[in-house]
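Below you'll find the structure, written out as structure tokens, and then a few comments.
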Amino acid sequence: MTGPNNLRKYQVSKAIRLESVSKDEQIEQVVELASIIWTEHYTPIIGSAQVAYMLKNIQSFDAIKNELENPSVRYFLIVYKEETIGYIGIKLDKSQLFLSKIYILSSARGLGAGKKTLDLIKEIALSEKLGQIYLTVNKHNTGTIAAYQKLGFEIIEELCADIGEGFVMDDYKMRLPLQNAGCA
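So, in structure tokens, the structure goes:
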């Protein structure tokens with residue numbers, strides 16, 4: 001697997017780049033972005049109580065800091081013309097890349113950052129000789145599901161996970177097979 005120093009900064013396009021999250025200030029940026037994006041996007045889908053619970057337990061400073069202790073987990077800030085507009089989280093597994101998080105501020109949507117960021121994620125997976133990218137998405141997040149399908153992802157499984165305090169993640173698992181991954 002590629003070491004952390006090889007995944008520091010990627011240029012997605014002239015205007016968009018990814019910066020590896022490693023410092024506390026960067027983790028704070030992720031937490032701030034999560035609060036804005038999740039509150040706006042997920043409240044209509046899963047309700048404000050579950051959003052608050054997930055922000056506290058999954059997207060808090062301590063939760064992210066703990067995740068980053070795992071050498072196969074990476075977070076990146078998405079930067080557009082020197083302005084941070086979103087973030088991603090990935091986990092490199094033996095044969096696949098798990099796209100755990102990809103979130104972009106609503107004010108920055110339409111710039112092509114999502115598609116260009118996904119192109120870079122594909123590049124990372126291929127450089128690691130991983131055969132596919134997979135992710136999970138809420139079953140009621142229909143616009144996002146359609147966007148992933150347009151990019152070549154397919155729904156392969158339904159998942160329902162109890163995350164505590166009566167909340168569940170009711171998701172689809174989606175997969176994007178990669179060509180020329182060199183997997184046995």
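First residue of the sequence shown: 1, per our numbering; consecutive thereafter. C-beta atoms are modelled at their ideal positions from N, C-alpha and C, and glycine is treated no differently. Computed from a prediction, not measured in an experiment: that's the story for all the values here.
As assigned by DSSP and simplified to three states, the class of residue 143: helix
Cβ contact (3+ pairs, closer than 8 Å) linking the region 112-123 and the region 165-173: no
Using CA atoms only, rank isn't needed, just tell me which of 23, 129, 86 is closest to residue 110. 86
Extent of the continuous alpha helix (DSSP H) run through residue 165: It is not in any alpha helix (DSSP H) - residue 165 carries neither H nor E in the DSSP assignment.
In DSSP terms, what residue 158 is bridged to: 172
For residue 79 and residue 34, I'd like the C-alpha separation in whole angstroms. 15 Å
Mind checking whether residue 116 and residue 46 have CB atoms under 8 Å apart? no
Taking the alpha carbon of residue 164 as the point to measure from, which residue in 50, 29, 133, 27 has its own alpha carbon closest? 50
Please tell me whether residue 204 and residue 96 are closer than 8 Å, where the distance is taken between their beta carbons. In the structure displayed, the chain extends from 1 to 184; residue 204 sits before or after that span and is not available.
Would you check if the distance between the CB atom of residue 76 and the CB atom of residue 28 is smaller than 8 Å? no
Helix, strand or coil: how does DSSP classify residue 151 here? coil
Decide if residue 59 is buried, meaning its Cβ has at least 16 other Cβ atoms within 10 Å, or exposed. buried
Quick check on residue 86: does DSSP put it in helix, strand or coil? strand
Where residue 118 falls: helix, strand or coil (DSSP): helix
For a test of the three-state rule: what should DSSP assign to residue 21, helix, strand or coil? coil
Return the chain-ordered list of same chain residues with a C-beta closer than 8 Å to the C-beta of residue 179, the five sequence neighbours on each side being excluded. none
Have a look at residue 147 and residue 118 and give me their C-alpha separation to the nearest angstrom. 12 Å
Can you find the residues in the same chain that come closer than 7 Å, C-beta to C-beta, to residue 104, ignoring five residues on each side of it along the sequence? 78, 85, 86, 113, 114
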